[in-house]
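Numbering (the numbering used here), first residue to last: 19 to 345.
Positions of the beta carbon are idealized from the N, C-alpha and C atoms, including for glycine.
Please read these numbers as outputs of a predicted model, since none were measured by experiment.
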């Protein structure tokens, strides 16, 4: 993993993964929850409130005493952090000149008071920030973390905090039949033919899509090919049944779909190594389709082919992790 591509990894702090900004020592001008809101920060030049300019971010008051401000984020999905983005979008004369990131791996569900006493460890030392900029910093650590603390020096505004990395779930909850393609269980997207309208990672996100924008939608094909997405499973798995959900895709669902799997130990770059799990099957628009899978071979990847193109809300691959594949 290089420092140049960490922003392609999942945002472990994302609200869409149920991350939470548990505490901030000050949020007079703009509330802490904005830090992990989905999408880019918005700005309305004419928006003013009783306390001043309205910002889509977290903003503290001007400090008149020694110290610095900070916010604590519970990661929606614990994991190995590869890099962070401290985005000061729209903050120009009121951004913090410096920041640092600390992290902790805590068992259970500590509250904010307990986290204030936690043994925080540095991930990104005190670094200079630029205003109105997505300041990106790689992280060199192989440890699993559950919470991060953003420190700003001495005060100011931050629009977004992104914590990119690889999900490392608690193995205690990976027993029995689970969704081995779920991002929160450690799976991720390995390959995708086209993501013109939306990210393929949406199909392995928690919960149900709220609308058509919450799934994976490719461009309309004007050739004889078809689109596909490949998922690296949470570990080598015996697949039991799958769900292919086209909810909200009414006039742009695929006409058909096919699911194949890569037997454990095979070369993921060799398309011929994939074996059929679900033959090419007609799909309905705006429908959750469930299919039993008769497979006795552990799989490490699955590939969903849609014909010829179209949108998928969710892909669920239910199965049991084999011992070698358990994180």
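For residue i and residue j, I'd like the C-alpha separation in whole angstroms.
i: residue 173; j: residue 23; result: 30 Å
i: residue 326; j: residue 142; result: 45 Å
i: residue 185; j: residue 34; result: 14 Å
i: residue 299; j: residue 305; result: 14 Å
i: residue 269; j: residue 211; result: 21 Å
i: residue 71; j: residue 81; result: 18 Å
i: residue 246; j: residue 260; result: 16 Å
i: residue 339; j: residue 242; result: 37 Å
i: residue 195; j: residue 287; result: 28 Å
i: residue 19; j: residue 100; result: Only weak support is given to the placement of residue 19: the predicted model assigns it a pLDDT of 41, under 50, and the value that follows is read from those uncertain coordinates. Rounded to the nearest angstrom, the two C-alpha atoms are 8 Å apart.
i: residue 120; j: residue 61; result: 29 Å
i: residue 77; j: residue 309; result: 49 Å
i: residue 265; j: residue 52; result: 28 Å
i: residue 131; j: residue 45; result: 17 Å
i: residue 263; j: residue 111; result: 47 Å
i: residue 1; j: residue 128; result: Beyond the ends of the chain as shown, which are 19 and 345, falls residue 1; an answer cannot be given.
i: residue 69; j: residue 48; result: 9 Å
i: residue 56; j: residue 177; result: 11 Å
i: residue 86; j: residue 79; result: 11 Å
i: residue 58; j: residue 228; result: 19 Å
i: residue 341; j: residue 140; result: 34 Å
i: residue 275; j: residue 221; result: 14 Å
i: residue 354; j: residue 297; result: Given that the chain is displayed from residue 19 to residue 345, the structure contains no residue 354 and the question cannot be resolved.
i: residue 189; j: residue 163; result: 14 Å
i: residue 333; j: residue 65; result: 41 Å
i: residue 32; j: residue 187; result: 15 Å
i: residue 271; j: residue 215; result: 13 Å
Please go through the same chain and pick out, in chain order, the residues whose beta-carbon is closer than 8 Å to the beta-carbon of residue i, but skip the five residues on each side of it.
i: residue 257; result: 198, 279, 295, 311, 313, 317, 320, 335, 336 and 337
i: residue 267; result: 230, 233, 235, 303, 304, 328, 329, 330 and 331
i: residue 273; result: 300, 301, 325, 326 and 328
i: residue 281; result: 291, 293, 315, 316, 317 and 318
i: residue 200; result: 222, 224, 252 and 334
Looking at residue j and residue i, is the spacing between their C-beta atoms short of 8 Å?
i: residue 30; j: residue 126; result: no
i: residue 151; j: residue 106; result: yes
i: residue 116; j: residue 168; result: no
i: residue 54; j: residue 114; result: no
i: residue 149; j: residue 191; result: no
i: residue 165; j: residue 133; result: yes
i: residue 124; j: residue 136; result: yes
i: residue 208; j: residue 254; result: no
i: residue 138; j: residue 122; result: yes
i: residue 251; j: residue 205; result: yes
Using 10 angstroms around the beta-carbon of residue i, count the other beta-carbons present and answer buried if the total reaches 16, otherwise exposed.
i: residue 223; result: buried
i: residue 16; result: Nothing can be reported for residue 16: it is not among the residues displayed for the chain, which extend from 19 to 345.
i: residue 182; result: buried
i: residue 244; result: buried
i: residue 301; result: buried
i: residue 322; result: buried
i: residue 84; result: exposed
i: residue 225; result: exposed
i: residue 63; result: exposed
i: residue 28; result: buried
i: residue 75; result: buried
i: residue 240; result: exposed
i: residue 161; result: exposed
i: residue 175; result: buried
i: residue 217; result: exposed
Using a Cβ-Cβ cutoff of less than 6 Å, which residues in the same chain neighbour residue i once the five nearest sequence positions on both sides are dropped?
i: residue 103; result: 152, 154 and 180
i: residue 42; result: 50 and 89
i: residue 95; result: 30, 35, 185 and 202
i: residue 284; result: 291
i: residue 38; result: 92
i: residue 25; result: 182
Considering only residues of the same chain and omitting the five flanking positions on each side of residue i, which have a CB-CB separation below 7 Å?
i: residue 238; result: 327
i: residue 144; result: 116, 118 and 171
i: residue 213; result: 234 and 236
i: residue 21; result: Residue placement at residue 21 is poorly supported in this model, since its pLDDT is 44, which falls under 50; the coordinates still yield a value, given next. Excluding sequence neighbours, residue 21 sits near 101 and 156.
Sequence ranges, beta strand (DSSP E) only - wholly within the region 178–204, length at least 3: Considered as a whole, the region 178–204 harbours 178–185 and 195–197 as its complete beta strand (DSSP E) runs of no fewer than 3 residues, in chain order.
Entirely enclosed beta strand (DSSP E) segments - the region 231–301, minimum 3 residues: As far as the region 231–301 is concerned, its whole beta strand (DSSP E) runs of at least 3 residues are 245–263, 274–281 and 293–300.
Whole beta strand (DSSP E) elements within the region 104–146, 3-residue minimum: 116–122 and 139–146
Runs of beta strand (DSSP E) wholly within the region 29–59 (minimum 3 residues, chain order): 38–42
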